[in-house]
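K.L.:
Here the sequence shown stands for residues 1 to 182, numbered as in full-length UniProt numbering. Glycine is no exception: its CB is placed at the ideal position from the N, C-alpha and C atoms. Nothing here was measured: the structure is a model prediction, and the numbers come from that model. For reference, the structure I am asking about is given below.
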Amino acid sequence: MSIGSVRALVPTLQTQPLTPEGFAPYGQVIAVPSNPSTSGVSANQGTATRINYVARVDNLRPDSAKANMCVFRSIPRAMPFEMKLIERHLYSTQAFIPMSAESKRYLVIVARNGADDRPDLTTLAAFIATNTQGISYDAGCWHHPMVALDYATDFAVLVHEDNTSDDCHVVDIEPSIMIHTE
């Protein structure tokens, strides 16, 4: 559901590598820790390590929305990338987990919510994620739809939806913002 537009404050934005610390204001990075044996518990008769609670899974409409595990296939976009809109899922976290071995990286663009209940473009950030990192946006986090780089990328996605216009709010950005890789 389109809910208007916001005016861009800067014409360009530079990307940065995705890290748990850098992404924390927007959500969580889903990745195997550098030493999984100390971060997890033994599972499957000792043949695996299970790392629990790597990201929040929030459903703020439990009476109406249900979990939707779906797959997105994102086609690669050329850089620099022109950002024309931003969206949010106000009532649900949304997790993206890459499933494509060929694809090595993808672009994650986020912003926090402003006092006017629109994206606060002063908090706009762009991250380059690797194929060993998934992300989970916090409920209400503004983000650009997923941008594959170099190759088409399949993502397993988990979001709670009830098939109403409140599942996804979209805001146009005018003028558009050019995103540049580092």
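Quick check on the DSSP output: the alpha helix (DSSP H) that includes Pro20 runs from which residue to which?
P.N.:
Per DSSP, Pro20 belongs to the alpha helix (DSSP H) from Pro20 to Phe23.
K.L.:
Helix, strand or coil: how does DSSP classify Ser42 here?
P.N.:
Residue state, collapsed to three classes: strand.
K.L.:
Report the rounded CA-to-CA distance for Val171 versus Ile135, giving the unit in angstroms.
P.N.:
Their backbone Cα atoms lie some 21 Å apart in a straight line.
K.L.:
Can you name the start and end residues of the beta strand (DSSP E) that Val110 belongs to?
P.N.:
Run containing Val110: Arg105 to Asn113, per the beta strand (DSSP E) assignment.
K.L.:
Quick check on the burial criterion: 16 or more other C-beta atoms within 10 angstroms. Buried or exposed for His180?
P.N.:
Burial call: exposed.
K.L.:
With DSSP as the reference, identify every bridge partner of Ala95, one or two as the case may be.
P.N.:
In the DSSP output, where bridge partners are listed per residue, Ala95 has Ser136 and Leu158.
K.L.:
List the residues that DSSP assigns as beta-bridge partners of Pro119.
P.N.:
Bridge partners of Pro119: Asn113.
K.L.:
Among the residues of its own chain, which have a CB less than 8 Å from the CB of Gln16, if the five just before and after it don't count?
P.N.:
These residues qualify, in order along the chain: Gly22, Ala125, Ala126, Phe127, Ile128 and Glu182.
K.L.:
Identify whether Ser165 lies in helix, strand or coil by the three-state DSSP scheme.
P.N.:
Three-state result, Ser165: helix.
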